[in-house]
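These notes are about the structure you will find just below.
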Amino acid sequence: MYTQSLDLAGPPQAEADPETDRVIHRDTRQAAFDARIAADAKIEPQDWMPDAYRKTLVRQISQHAHSEIIGMQPEGNWISRAPSLKRKAILLAKVQDEGGHGLYLYSAAETLNVSRDDLVEALHTGRAKYSSIFNYPTLTWADVGVIGWLVDGAAIMNQVPLCRCSYGPYARAMIRICKEESFHQRQGFDALRAMMGGTEAQRAMVQDAVDRWWFPVLMMFGPPDAASPNSTQTMAWGIKRISNDDLRQKFVDATVEQARVLGVTLPDPGLQWNEARGHYDFSPLDWDEFRRVLNGDGPCNRERLATRVRAHEEGEWVREAAMAHARRRNGDDSGECDAR
Ligand code: 3HC
-7 MYTQSLDLAG PPQAEADPET DRVIHRDTRQ AAFDARIAAD AKIEPQDWMP DAYRKTLVRQ
53 ISQHAHSEII GMQPEGNWIS RAPSLKRKAI LLAKVQDEGG HGLYLYSAAE TLNVSRDDLV
113 EALHTGRAKY SSIFNYPTLT WADVGVIGWL VDGAAIMNQV PLCRCSYGPY ARAMIRICKE
173 ESFHQRQGFD ALRAMMGGTE AQRAMVQDAV DRWWFPVLMM FGPPDAASPN STQTMAWGIK
233 RISNDDLRQK FVDATVEQAR VLGVTLPDPG LQWNEARGHY DFSPLDWDEF RRVLNGDGPC
293 NRERLATRVR AHEEGEWVRE AAMAHARRRN GDDSGECDAR
């Protein structure tokens, strides 16, 4: 998928054009970059790009990759306890998809001249962020359905516009990811519908899960626009296409009707249709809680990171074996793996 010619030397201030031997200055390149952004054309890995654009993409794409990988944990926790073979098979496929999304996204980030090892180390040492939502616990089977319906639903709302991101490899990765996410969202809704058609205890379990996840899900979209340090520039570059608040509002508007069909109550007394705005109003969110979670003090931050680091360490022999296999296939094996 990411097989563009990856001639990725860092951006020099000035360099010679091999055709004319004339020095091309940064200003010329900046103007060409600006023109491509203004024309809504894609920037590809081999194109010159400003350092700040590159850094922003590395930040956002790697945080996104980390979110997908850490996001395997809350639901992975329920694979061994799924209530039927059908639900178990679906959940296994879904969690595997999330791992795949992480891999597409690390690959997209690598086209920006960063190493995957460095990105992973930033996650493991707590220097890199991942989505706040995955620091909340999955207490019952209903949480798995609610993650599919609401968390994946919010992820799709945020990620469909990223299919039009100005950076080609990220945009193309997002197309496939969004297709898979829409299956994730539907399977969550389907699991919850089955529970809502079940016993009183099952319906209560679904309502309890909705009560616990609703507000953290709304925070997934990021801080309010006025408190979002990155939005103005990333929107000017065509990376983000719709602001945090606008996406949050679109998600609320779309979800109210789904909740009605499901038969659950969204736990916000301030949620009501505003005829003048043509949108639902909702209560202010607890941004102190959001900041606490981002600063490593959410309900599961420590557990999530420790589990990830342990999995990485315990998987070292797999990476070594894969590298040895790749060397052998390329014919440059030193012979240490000859015994079969
Ligand atoms: N969780 C953790 N950090 C968050 C956050 C959240 N929900 N929302 C915002 N932040 C961070 C930002 O990363 C930024 O941190 P930094 O400047 O130190 O890197 C800071 O808070 C300020 O926020 P901004 O609004 O200025 O940041 P952005 O412009 O980057 O917007 C974003 C944040 C909307 C999350 C944007 O980065 C984005 O759209 N990212 C791509 C999608 C993504 O990463 N989604 C994560 C969920 S993936 C998922 O849900 C998996 C699926 O399988 C369910």
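Each residue of the sequence shown is one higher than the one before, starting from -7 at the first, in the numbering used here. Built from N, CA and C at the ideal position, the CB exists for glycine as well. Source: prediction; values computed, not measured.
Separation of residue j from residue i, as counted between CA atoms
| i | j | result |
| --- | --- | --- |
| K86 | L184 | 16 Å |
| L263 | A196 | 21 Å |
| R296 | Q250 | 30 Å |
| R164 | C155 | 6 Å |
| P276 | R252 | 22 Å |
| K34 | A228 | 14 Å |
| L49 | P42 | 11 Å |
| V248 | L258 | 8 Å |
| A101 | G190 | 45 Å |
| Q225 | A44 | 10 Å |
| N236 | R319 | 45 Å |
| C329 | E308 | With a pLDDT of only 44 at C329, under 50, the local geometry of the prediction cannot be trusted, and no value is derived from it. |
| G255 | P75 | 21 Å |
| K242 | R79 | 30 Å |
| H304 | A316 | 18 Å |
| E312 | P37 | 29 Å |
| A287 | R294 | Checking the sequence, you will find Asn at residue 287 rather than Ala. Roughly 11 Å separates the two Cα atoms. |
| A219 | R18 | 32 Å |
| D324 | E113 | 28 Å |
| D260 | H93 | 32 Å |
| A81 | A31 | 45 Å |
| N222 | E192 | 46 Å |
| T103 | Y162 | 10 Å |
| G91 | W265 | 38 Å |
Neighbourhood of residue i by C-beta distance below 6 Å, restricted to the same chain and skipping five residues each side
| i | result |
| --- | --- |
| H176 | K86, G140, D144 |
| P153 | R233, I234 |
| L115 | H58 |
| P129 | P291, C292 |
| E172 | D89 |
| F181 | W141 |
Any non-hydrogen atom of ligand 1 within 8 Å of residue i CB
| i | result |
| --- | --- |
| R51 | yes |
| G63 | yes |
| Y122 | yes |
| F213 | yes |
| A146 | yes |
| N293 | no |
| P129 | no |
| E281 | no |
| K232 | yes |
| Q151 | yes |
| T349 | Since the first residue shown for the chain is -7 and the last is 332, residue 349 is missing from the structure and cannot be characterised. |
| L154 | yes |
| I35 | no |
| I29 | no |
| P221 | yes |
| L115 | no |
Beta-carbon proximity check, residue i vs residue j, cutoff 9 Å
| i | j | result |
| --- | --- | --- |
| E67 | L77 | no |
| I62 | S99 | no |
| I29 | G230 | yes |
| W70 | V136 | yes |
| Q55 | A147 | no |
| G290 | N150 | no |
| R21 | N105 | no |
| D109 | F207 | no |
| W133 | R204 | no |
| A27 | W40 | no |
| L239 | F274 | no |
| L95 | I53 | no |
| L131 | A186 | no |
| R284 | Q65 | no |
| M188 | Q194 | yes |
Same chain, Cβ closer than 8 Å to residue i, neighbours up to 5 away in sequence not counted
| i | result |
| --- | --- |
| T117 | none |
| F282 | S124, M211, P215 |
| D245 | H271, Y272 |
Cut-off 7 Å between Cβ atoms - residues of its own chain near residue i, not counting five sequence neighbours on either side
| i | result |
| --- | --- |
| C170 | I148, Q151, V152, C155 |
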